[in-house]
Amino acid sequence: MKQRPKAPFSEAALQRTLLRVLRPIVRLCLASGLNFVAFSALMRRLFIDVAEKDFALKDKKQTDSRISLLTGIHRKDVSRLRTSELTVESLPAPASRTSRIIARWLADPRACDEAGIAKALPRVSSDGEFSFEGLVAAVTRDVHPRAVLDEWVDRGLAIVDDQDRVHLSASLLISNTDAEAQRHYFTRNLHDHAAAAVENILADAPPFFERAVHYNNISEALAKRLDNASREEAMAMLLRLNRLANQAIEGDPGGDRRWIAGVYVMQAQDSQIGPVAGEVDE
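Numbering (my numbering), first residue to last: 1279 to 1560.
Here you go:
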């Protein structure tokens, strides 16, 4: 059991912060048909789970009474809800496989250029040239490369030209077009960013790298210019890191750690996102 985290916010200050932080989540809930009653029931179960796993006293069994004291939830409800398991859906195998194949395509020097831009690959190899078939086989042998290609073409992830070469769809480098994978990455990325930010606040020395550059009160033209430039820079950085990781993992013995580096870029009218509590525009 870790030492109980310090309290970086007063209750009033945290409430003001959460009003801004949770606004996009509430918007998503309402757009998805999840009303306040359902959301509050979910939060009740989550409060119990976090109190049980993250706030237990050292060498002492976590009790219903202590969880009730921490969360403000009635002890009878705590006792009833502790028996229900909280589950988080993982990325389905086909979507996970697709991500791994694309990551390999954007990192393997036989399949991409020095900038990490995917090359067109022959569907099958006729003279020893690296092919789409070889790319898939390097990642998994659980499914035939032709089945992967047919699925990708059907979903618009790849295109086969008249010379039987396979091209990775350019849209993949712009946005995630697969709805199921998009929901998964939304969950993972937002969780990891929030977890890193919270840990940086709770820890004595911030353990995670989290930085942003931002400018207010600028013209729409400049905002779009900065948006385009930052997208290009961010994608180039992610491609470099993907190439580094993909090559390094070949000789890695494996372990229980995971690593993620992410980037977000946003430009909008202040009225669309609201003012930041305590922030003064210059």
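All C-beta atoms in this analysis are idealised placements derived from N, C-alpha and C, irrespective of residue type, glycine included.
According to DSSP, is residue i helix, strand or coil?
i: Ala1416; result: helix
i: Leu1300; result: coil
i: His1445; result: strand
i: Leu1384; result: coil
i: Leu1399; result: strand
i: Ala1329; result: helix
i: Ala1436; result: strand
i: Met1279; result: Low confidence applies to Met1279: its pLDDT is 43, below 50, so where it sits in the model is not reliable enough to give any reading.
Roughly how many angstroms lie between the CA atoms of residue i and residue j, to the nearest whole one?
i: Ile1351; j: Leu1320; result: 13 Å
i: Val1541; j: Ala1309; result: 25 Å
i: Val1304; j: Leu1468; result: 14 Å
i: Ser1318; j: Ala1475; result: 24 Å
i: Glu1477; j: Asp1470; result: 10 Å
i: Gln1441; j: Ala1398; result: 10 Å
i: Asn1520; j: Ala1514; result: 10 Å
i: Val1438; j: Ala1389; result: 16 Å
Mark residue i as exposed unless 16 or more other C-beta atoms lie within 10 angstroms of its C-beta, in which case mark it buried.
i: Trp1383; result: buried
i: Phe1487; result: exposed
i: Glu1436; result: For clarity, residue 1436 is Ala in the given sequence; the question names Glu instead. It is buried - the Cβ of Ala1436 has at least 16 other Cβ atoms within 10 Å.
i: Phe1464; result: exposed
i: Asp1386; result: buried
i: Glu1363; result: exposed
i: Thr1376; result: buried
i: Ala1546; result: exposed
i: Glu1528; result: exposed
i: Leu1575; result: Nothing about residue 1575 can be reported from this structure: the residues present for the chain run from 1279 to 1560 only.
i: Gly1394; result: buried
i: Leu1517; result: buried
i: Asp1548; result: exposed
Within a Cβ cutoff of 8 Å, which residues of the same chain sit near residue i, ignoring the five residues on either side of it in sequence?
i: Pro1286; result: Ile1479, Leu1480
i: Arg1509; result: Val1543
i: Asp1342; result: Arg1353, Val1356, Ser1357, Arg1360
Ignore the nearest five residues each way along the sequence and tell me which others in residue i's own chain have a CB closer than 7 Å to its CB.
i: Ala1555; result: Summary for Ala1555: the model assigns pLDDT 46, below 50, so the residue's position carries little reliability, and this model does not support an answer.
i: Ala1329; result: Ile1345, Leu1348, Thr1349
i: Trp1430; result: Ala1436
What residues in its chain sit with their C-beta under 6 Å from that of residue i, if we drop five residues either side in the sequence?
i: Cys1307; result: Phe1317
i: Pro1561; result: It is not possible to answer for residue 1561, since the shown part of the chain is limited to 1279 through 1560.
- Touching or not, the stretch 1285 to 1295 and the stretch 1311 to 1319, by the rule of three or more beta carbon pairs under 8 Å? no
- Query: Given 8 Å as the limit, is there contact between the stretch 1396 to 1404 and the stretch 1533 to 1545, that is, 3 or more CB pairs closer than that?
  - Reply: no
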